[in-house]
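Residue numbers (the numbering used here): 177 to 792. The next block holds one structure in the form of structure tokens; read it before the comments.
So this is what it looks like as structure tokens:
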């Protein structure tokens, strides 16, 4: 057997480079690059290994470990999980900075290979700089924090362990069911240890999307359930995108005139103006879709994990409705008392259409869906129109950005009130034109996620919509986008605080407290007014502040013409959001309070909990 002597770090890098993926008949690298912030836990091991292959496997330097991991997540999401990136950071705080991002990837089922530096496996120099000593278990390090937020975790304490660990890592990263983050903790001394690896271990490996056909008994039961239905509603989730089932979904719902509601992850599965697209569903969904959900006798959920925002915390669904869950993961297919139909969305939707034959839902249901859809589109037109108010609403800003976006452009967001406004109001015909991280709703994802999105789709303009709160949490990758030449356009909506949670606090009966800057503990004179344009300019971007929607629209044209990242900021109203549409969200309200407003909110809460119980 032919062997090659490599350090453990060199072997990891060489194995990564051998992984290829076939996309539309073309072979591409599985790993498009490695994000790295070096320190004493990885600079002499992985850093040395990456240096020698940088022309084939690019190494990208970021300014924040969490930010670079968000960029890697966004890259994989934008490319429907077909290509991915790896992230490495030093032992200690550099690596634990990536734990939040690992949770983002885990919740959203997105592939990222985390390679955190770890403390010495030999323990000879312990305790070393940045080492967390565990008093009762010396096998634990700070990297064990990755365990609950990784789909696969291993600590490589001997270089030969890669022979069994790396294939398992690739299995998880490329598996449609188990897909998610993989963490290989890498002690810094082991990274530098050498081993005679068999050369065949580094042979080119071509990965293709595995497609699982449905069980025929489950399929037959699903067809019977649909045939019994008179008022069906389809819910399109992110799995439609990841399966590449857009055409199959379109054909099925067009043939049988099935109304479709989209989740945050599923938005874009149909063009916004498709006759069967009712808008989005759930807590921040369209009034049209939510009205149909309350009346439907069958919900056909395709590729969605049915989180509380999609299901309206289980209180918005007709309690007599049946639920059919088409999902590649049986874990998701059995939720909410659903009848499972486990299989790849593209294969399964085609078989469903073939088996349904000449069945059709009630004509009155089809007409009602069309009427509700038309009414909702008028609502969106009104909400996104510039009303010339002193402080623009989020909806007006969404409308301006949407009008500036081209057919193949992308909007990116993650947290706060904007995801609700965008889910209701953003219109796109491009299947990847809407990029929302809402599984974990991680503040600080937006700007870094916009960078990763732009790296995946360099020919698209990427519009990042971000509130002042998220901007202040994590903005350093603006500088990275300038440094790497990946232009993003960021629109910062400054409502002076956490406006979304302020509104939620009031809905639950609370006073304004510790959310808006005016309601926080501050020195005399109040919190300073942040000059976001000056800050962004200091990071290398072009930037300006505007005062109204008309000025915003003009600034967006300048941003589109710019060849570097461009940041536009404007003040917005923290109190107003789009009241039309939406549904209840289960946020617990205290049973006992001195405030009458809380007592009233509790009564309202209990009434919704009663509805929720019917669907358990």
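Glycine included, every Cβ here is placed at the ideal spot set by N, Cα and C.
Nearest to residue 307 by alpha-carbon distance, out of 288, 346, 266 and 283, is 266. When DSSP states are grouped into helix, strand and coil, residue 377 belongs to the helix group. For the pair residue 669 and residue 756, the Cα-to-Cα distance works out to about 21 angstroms. Ranked by how close their Cα comes to the Cα of residue 631, the residues 339, 336 and 252 have 252 in first place. Residue 418 is not bridged by DSSP to any residue. The straight-line gap separating the alpha-carbon atoms of residue 768 and residue 324 is approximately 34 angstroms.
In this structure residue 338 does not touch residue 260 by the C-beta definition: roughly 18 angstroms separates them, more than the 8 angstroms allowed. Look at the beta carbons and you see the segment 723-742 not touching the segment 699-706: under three pairs across the two are nearer than 8 angstroms. Cβ-Cβ distances below 6 angstroms link residue 225 to 185, 186 and 189 in the same chain, with the five nearest sequence neighbours on each side left out; the list follows chain order.
Annotated three-state conformation of residue 755 is coil, per DSSP.
Fully enclosed alpha helix (DSSP H) runs of no fewer than 4 residues occupy 621-632 of the segment 612-639, in order along the chain. Residues 333, 363, 365 and 366 of the same chain have their beta carbon placed closer than 7 angstroms to that of residue 297, with the five preceding and five following residues left out of the count. With respect to the 7 angstroms criterion, residue 729 and residue 576 are classified as neighbours on the basis of their beta carbons.
Per the C-alpha coordinates, the member of 519, 448 and 357 positioned closest to residue 279 is 357. If you draw a straight line from the Cα of residue 748 to the Cα of residue 662, it is about 28 angstroms long. Annotation for residue 604: 444, 448 and 610 place their beta carbon closer than 7 angstroms to its own, counting only its chain and skipping 5 residues before and after.
Segment contact: the segment 312-329 against the segment 226-243, fewer than three CB-CB distances shorter than 8 angstroms; contact not assigned. With the rule of 3 Cβ pairs closer than 8 angstroms, the segment 416-432 does not count as touching the segment 491-499. Going by DSSP, residue 739 is part of no beta strand (DSSP E) at all; its letter is neither H nor E. Beyond the five residues adjoining it in sequence on each side, residue 555 comes within less than 6 angstroms, by CB distance, of 756 in the same chain, given in chain order. Distance from the CA of residue 625 to the CA of residue 751, rounded to the nearest whole angstrom, comes to 27 angstroms. Secondary structure remark: continuous beta strand (DSSP E) runs of at least 3 residues inside the segment 294-375, in chain order: 328-331, 358-363 and 370-374. Distance check between residue 182 and each of 723, 762, 335 and 682 places 335 closest, using alpha-carbon atoms only.
Under DSSP, residue 383 forms a beta bridge with 197. The way I'd put it, the segment 201-210 doesn't touch the segment 386-399; fewer than three beta-carbon pairs between them come closer than 8 angstroms. Judged by their CB atoms, residue 720 and residue 731 are nearer to each other than the 7 angstroms cut-off. Taking a C-beta distance under 7 angstroms as the contact criterion, residue 459 and residue 488 qualify as a contact pair. The beta carbon of residue 234 is closer than 8 angstroms to those of 208, 209 and 210 in its chain, skipping five residues each way along the sequence.
Cβ atoms of residue 773 and residue 675 stay farther apart than 8 angstroms, at about 19 angstroms. For residue 204, the enclosing beta strand (DSSP E) starts and ends at 202-205.
Rounded to the nearest whole angstrom, the CA to CA distance from residue 243 to residue 255 is 19 angstroms. A distance below 8 angstroms between beta-carbons, with the five flanking residues on each side excluded, links residue 617 to the following residues of its chain, in chain order: 590, 591 and 595. In the three-state reduction of the DSSP assignment, residue 673 falls in the strand class. Residue 290 is bridged by DSSP to 263 and 359. For residue 212, DSSP records a beta bridge to 237 and 264. Restricting attention to beta strand (DSSP E) runs no shorter than 3 residues, the segment 505-537 encloses them at 515-518, ordered along the chain.
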